[in-house]
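To start, the structure under review is shown below, and the notes come after it.
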Amino acid sequence: MSNNDVLKVEKLVVKYGEKTAVKGISFTVNNGEVYCLLGPNGAGKTSTIKAVLGLVKYEGLIDVLGLGPPSPVVMNHVGVVMETPAVLEALTVKEFLEFLGSVRGTFNARRVEALLEAFELKDYINTPIAALSAGNKQKVAIVAALMHEPRLLLLDEPFNFLDVKSVRILKEIMQRHIESGGSILFSTHIMEVAERVCSRIGIINDGVLVTEGTPGRIKEEANAGTLEDAFLKAIHAEEEIRSILEGL
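Each residue of the sequence shown is one higher than the one before, starting from 1 at the first, in UniProt numbering.
Have a look at this one:
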């Protein structure tokens, strides 16, 4: 692992029974960049992030922050937002955040308060998470991911359920995180988000990393005017789309 690598993944394989969800992919996330896993639903993006978190069994090599494979100690330096908010719904917002602080061994009350205010959660601090809307549950998960100022953020479709204002705030926080030397592994299936937010993109389809590069390079290599066109070429979906449209 080089000094510039924050996350290194080599020949990663994830299986669920007879199904292979991730088929030997390799990539690195460098200091100060947003690396995006871009792919359709079911491509293997979430399975890859779960492997990096140590939530699923895997084959291959994962090195997080030069500290080795995923473990509870390593994860104290990582912030995570999953596609479906990973929160303890029986607890209130305050209880959940304090619980995380005790597990991590750090709780910056001033930062937590600032994040709660930014995402308009202060009025819900004593509300059971189970009683919150989907959007507010997602905001709680985001606060939990950011409160300890981790070096690496793992964001799996983090804009799910968020209103426009909260999306803008999260984008700005991501930019500040990168400017301060942090790094982000980001997954999405939305082209516009990938092109605007990500430094480098790895297009993943059916568990395989089919191409990788900056948004501009991916478009150039595909001889495509838009990232969407380049993406559809990369996953060989153009003919399928034509066939579907001809049948309408």
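Ideal Cβ placement from N, Cα and C applies to all residues, glycine included. Model, not experiment: these values are computed from the prediction.
Contact under 8 Å by Cβ, residue i with residue j
i           : j           : result
residue 173 : residue 210 : no
residue 128 : residue 92  : yes
residue 141 : residue 81  : yes
residue 60  : residue 10  : yes
residue 187 : residue 229 : no
residue 52  : residue 30  : no
residue 139 : residue 166 : yes
residue 15  : residue 63  : no
residue 238 : residue 245 : no
residue 154 : residue 195 : no
residue 202 : residue 37  : yes
residue 65  : residue 151 : yes
residue 163 : residue 207 : no
residue 169 : residue 118 : yes
residue 189 : residue 85  : no
residue 218 : residue 45  : no
Terminal residues of the beta strand (DSSP E) in which residue i lies
i           : result
residue 60  : 59 to 64
residue 200 : 200 to 205
residue 27  : 19 to 30
residue 213 : 208 to 213
residue 34  : 34 to 38
is_contact[residue i, chain D] using C-beta, thresh 8 Å
i           : result
residue 128 : Among the chains of the structure shown, chain D does not appear; only one protein chain is present.
For residue i, the first and last residue of its enclosing alpha helix (DSSP H)
i           : result
residue 90  : Careful: residue 90 lies outside any alpha helix (DSSP H) and carries neither H nor E.
residue 160 : It is not in any alpha helix (DSSP H) - residue 160 carries neither H nor E in the DSSP assignment.
residue 45  : 45 to 53
residue 249 : Any answer about residue 249 is impossible in this case: the structure gives the chain only from 1 up to 248.
residue 120 : Unbroken run through residue 120: none, as it is neither H nor E.
residue 135 : 134 to 146
residue 245 : 238 to 246
Cutoff 8 Å; reference residue i; Cβ partners in own chain excluding five residues on either side
i           : result
residue 33  : 178, 183, 184, 199, 200
residue 221 : 211, 213, 230
residue 67  : 73, 74, 77
Paired residues, beta bridge with residue i - DSSP
i           : result
residue 79  : 153
residue 219 : Its beta-bridge partners do not exist; DSSP assigns none.
residue 6   : In the DSSP output, where bridge partners are listed per residue, residue 6 has none listed.
residue 13  : 23, 59
residue 128 : 92
Sequence-distant residues of its chain with Cβ nearer than 6 Å to residue i (five each side left out)
i           : result
residue 24  : 11, 13
residue 54  : 70
residue 148 : 104, 106
Own chain residues within Cβ distance below 7 Å of residue i, not counting five before or after
i           : result
residue 146 : 79, 115, 173
residue 130 : 89, 90
residue 181 : 31, 32
List in chain order: all unbroken alpha helix (DSSP H) runs of 4+ residues lying wholly within the region 165 to 202.
The qualifying runs are 191 to 197.
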